[in-house]
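Student: Numbering (this note's numbering), first residue to last: 1 to 335.
No residue lacks a Cβ here, since even glycine has one placed at the ideal position from N, Cα and C.
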Amino acid sequence: MDLAEGLRAAPPIRWGILGPGGIAAAFTEDLLRETRSTVVAVGSRSQERADRFAAAVGAQRAHASYEALVADPDVDVVYVASPHSQHHEHALLAIAAGKHVLIEKAFTRNSTEARAVLEAARGAGVFCMEAMWTRFLPHVAAMHAVIDRGEIGELVGVIADHGQNMRHHPPTHRLHDPQLAGGALLDLGVYPIAFAHDLLGAPDRIAAIGSLTTTGVDGQASIALGFGSVQQASLHTTLWARTATTAVVFGSAGRIELATDFYRPTSFTVVRDDGERWTHHGHVEGGLQFEAAEVARCVVEGRTQSARMTWQDTLDVMATMDEVRRQVGVRYPGE
Numbered sequence: 001m002d003l004a005e006g007l008r009a010a011p012p013i014r015w016g017i018l019g020p021g022g023i024a025a026a027f028t029e030d031l032l033r034e035t036r037s038t039v040v041a042v043g044s045r046s047q048e049r050a051d052r053f054a055a056a057v058g059a060q061r062a063h064a065s066y067e068a069l070v071a072d073p074d075v076d077v078v079y080v081a082s083p084h085s086q087h088h089e090h091a092l093l094a095i096a097a098g099k100h101v102l103i104e105k106a107f108t109r110n111s112t113e114a115r116a117v118l119e120a121a122r123g124a125g126v127f128c129m130e131a132m133w134t135r136f137l138p139h140v141a142a143m144h145a146v147i148d149r150g151e152i153g154e155l156v157g158v159i160a161d162h163g164q165n166m167r168h169h170p171p172t173h174r175l176h177d178p179q180l181a182g183g184a185l186l187d188l189g190v191y192p193i194a195f196a197h198d199l200l201g202a203p204d205r206i207a208a209i210g211s212l213t214t215t216g217v218d219g220q221a222s223i224a225l226g227f228g229s230v231q232q233a234s235l236h237t238t239l240w241a242r243t244a245t246t247a248v249v250f251g252s253a254g255r256i257e258l259a260t261d262f263y264r265p266t267s268f269t270v271v272r273d274d275g276e277r278w279t280h281h282g283h284v285e286g287g288l289q290f291e292a293a294e295v296a297r298c299v300v301e302g303r304t305q306s307a308r309m310t311w312q313d314t315l316d317v318m319a320t321m322d323e324v325r326r327q328v329g330v331r332y333p334g335e
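1. What is the DSSP secondary structure of A241, counted as helix, strand or coil?
2. Starting from the N-terminal side, write out each stretch of the beta strand (DSSP E) that is 3 residues or longer and does not extend beyond the stretch 44-82.
3. Helix, strand or coil for T38 per DSSP?
4. Under 7 Å, do G182 and V217 count as touching if we go by C-beta distance?
5. Output yes or no for whether 7 Å exceeds the beta carbon distance between L188 and H168.
6. Tell me which residues share the same chain as L200 and place their Cβ nearer than 6 Å to its Cβ, disregarding the 5 neighbours each side in the sequence.
7. Leaving out five residues on either side along the sequence, give the residues of the same chain with a beta carbon under 6 Å from the beta carbon of A62.
8. Exposed or buried, what is S252 when buried is set at 16 or more other beta-carbons lying within 10 Å of its beta-carbon?
9. Find out if the Cβ-Cβ distance for the pair S111, A292 is shorter than 7 Å.
10. In angstroms, rounded to a whole number, what distance separates the CA positions of D316 and L185?
11. Could you please give the first and the last residue of the uninterrupted beta strand (DSSP E) stretch that includes Q220?
12. Going by the C-beta, is D316 closer than 6 Å to any heavy atom of the ligand MG?
13. Please report how far the alpha carbon of V57 lies from the alpha carbon of D148, in whole angstroms.
14. Counting Cβ pairs, one atom from each stretch, are 3 or more of them under 8 Å apart for the stretch 88-101 and the stretch 274-285?
15. If we count Cβ pairs, one from each stretch, closer than 8 Å, do we get three or more for the stretch 124-142 versus the stretch 283-298?
16. According to DSSP, is A233 part of a helix, a strand, or is it coil?
17. Let me know if W278 comes out buried or exposed under the rule of 16 or more other beta-carbons within 10 Å of its beta-carbon.
18. Alpha helix (DSSP H) containing F195: first to last residue?
19. Please go through the stretch 81-144 and give each complete alpha helix (DSSP H) segment of 4 or more residues, from N-terminal end onward.
20. Apart from the five residues on each side of it in sequence, which residues of its chain come closer than 6 Å, Cβ to Cβ, to T238?
21. Report the CB separation of A259 from T243 in whole angstroms; it is logged as a contact under 8 Å.
22. Roughly how many angstroms separate the alpha carbons of S82 and T35, rounded to a whole number?
23. Exposed or buried, which one is R326 when buried takes at least 16 other CB atoms within 10 Å?
24. How would you label G287, buried or exposed, when you count the other beta carbons within 10 angstroms and need 16 or more for buried?
25. Can you give me the Cβ contacts of A208 inside the same chain, cut-off strictly under 8 Å, excluding the 5 residues immediately before and after it?
26. Apart from the five residues on each side of it in sequence, which residues of its chain come closer than 7 Å, Cβ to Cβ, to A68?
27. In chain order, what residues of the same chain lie with their CB nearer than 7 Å to the CB of V156, ignoring the 5 residues before and after it?
28. At the level of alpha carbons, what is the spacing between P20 and V78?
29. Relative to the alpha-carbon of K105, which residue among P203, I206, H84 and G334 has its alpha-carbon at the smallest distance?
30. What residue range does the beta strand (DSSP E) around F268 cover?
31. Within the same chain, show all residues whose beta-carbon is closer than 6 Å to that of Y263, passing over the 5 residues directly before and after it, in chain order.
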């Protein structure tokens, strides 16, 4: 079965979109193009925005409140695509209405909020997952297969970075606003951190240095993670420059070099110490359709979490980011 057939084999479910912004538009485009699922409703605090988004994606209904969206009886799953400062509130709203949820990353502002959302999902018996789409991409599955075959030997470490030049955004932009949980870490740094977690697990040692913006959020951070006696990860994120956004996974017998952007569908090259070298070409259109298909499979099968992106995975990543923020000196209002 090829990739397209696999996506089409995923059962169809009915989605409601909470927060019709840019990531919601990208997610919906991939969902409708590549899977059999549908978008039946859109919710926004603005009727005009909801109407415009619903018309663009062919949704049946446009709700002028999030409460109306989660109460829509035709919605199976709510995709929470609001700013991550509001994920906790909006996820709990959807869960209280008995809806399954896919929550954009970063999952919440901190691990305390994340734990509250997951406890609510457990109590309601609904599916809940962080939208860490990288974990479901074909090139990441192929990378894991290389590691599992032992082609690069025992894992030694990971190097990864994600930086985007956001200098043109004003101080009032969400990326710079402490009230909206701004900063490089939760928006960009979550990718290299989650990538390292995926390969090495939760770290037992964390060291970070950072520089703050004039508004008091992290503009840049360098992060070192330790795992046991040998394995380490060297990670970086910044709002002040467009970095290579590449990753390297290295082992005792070779390495895997992931091309830019490592967190999107891309290629990688295996470079072995014995001189063997080959490239996997993993480019596909979009990429968000793979996490959408995983949600559909889990919901129809009655599962409350994905084995590929578990609740513990989310809590571990959030705990790492909490500690990085503590060391860097970023605290959000109300924490």
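Tutor: By the coordinates alone:
1. Here DSSP, grouped into helix, strand and coil, assigns A241 to coil.
2. The stretch 44-82 is shown to contain whole beta strand (DSSP E) runs of 3 or more residues at 61-63 and 77-80, in chain order.
3. Note: T38 maps to strand in three-state DSSP.
4. Against a cut-off of 7 Å, the Cβ pair of V217 and G182 comes out as a contact.
5. Their beta carbons are not under 7 Å apart, which means L188 does not touch H168 by this criterion.
6. By the criterion of a C-beta distance shorter than 6 Å, L200 is surrounded in its chain by F227 and Q231, once the five residues flanking it on both sides are discounted.
7. If we look at A62 and ignore the five residues flanking it on each side, its Cβ neighbours are V42, A50, D51 and A54.
8. With fewer than 16 other Cβ atoms inside 10 Å of its own Cβ, S252 counts as exposed.
9. For S111 and A292, no; Cβs fall outside 7 Å.
10. C-alpha separation (whole angstroms): 15 Å.
11. Annotation: the continuous beta strand (DSSP E) that includes Q220 extends over D218 to F227.
12. The ligand MG is not part of this structure, which contains no ligands at all.
13. In a straight line, the C-alpha of V57 is about 40 Å away from that of D148.
14. Judged by pairs of C-beta atoms under 8 Å, the stretch 88-101 does not touch the stretch 274-285, as fewer than three such pairs exist.
15. Short answer: they touch.
16. DSSP places A233 in strand when its eight states are reduced to three.
17. With fewer than 16 other Cβ atoms within 10 Å, it is exposed.
18. Run containing F195: V190 to L200, per the alpha helix (DSSP H) assignment.
19. List check, alpha helix (DSSP H) in window: 87-96 and 111-124.
20. A distance below 6 Å between beta-carbons, with the five flanking residues on each side excluded, links T238 to the following residues of its chain, in chain order: G163, A184 and Q220.
21. In fact, because the Cβ distance is near 13 Å, the residues do not count as touching under 8 Å.
22. Distance from the CA of S82 to the CA of T35, rounded to the nearest whole angstrom, comes to 23 Å.
23. It is exposed - the Cβ of R326 has fewer than 16 other Cβ atoms within 10 Å.
24. Buried: at least 16 other Cβ atoms inside 10 Å.
25. Closer than 8 Å at the Cβ level, and outside the excluded window around A208, lie A221, S222, I223, A224, E323, V324, Q327 and V328.
26. Taken in chain order, the residues that qualify are G43.
27. For V156, where only same-chain residues beyond five positions count, the Cβ hits under 7 Å are V230, Q231, F250, G251 and S252.
28. Using only the alpha carbons, I get a separation of about 12 Å.
29. K105 has its Cα closest to that of H84, out of P203, I206, H84 and G334.
30. F268 to R272 is the extent of the beta strand (DSSP E) around F268.
31. Within the same chain, Y263 has close Cβ partners T134 and Y191.
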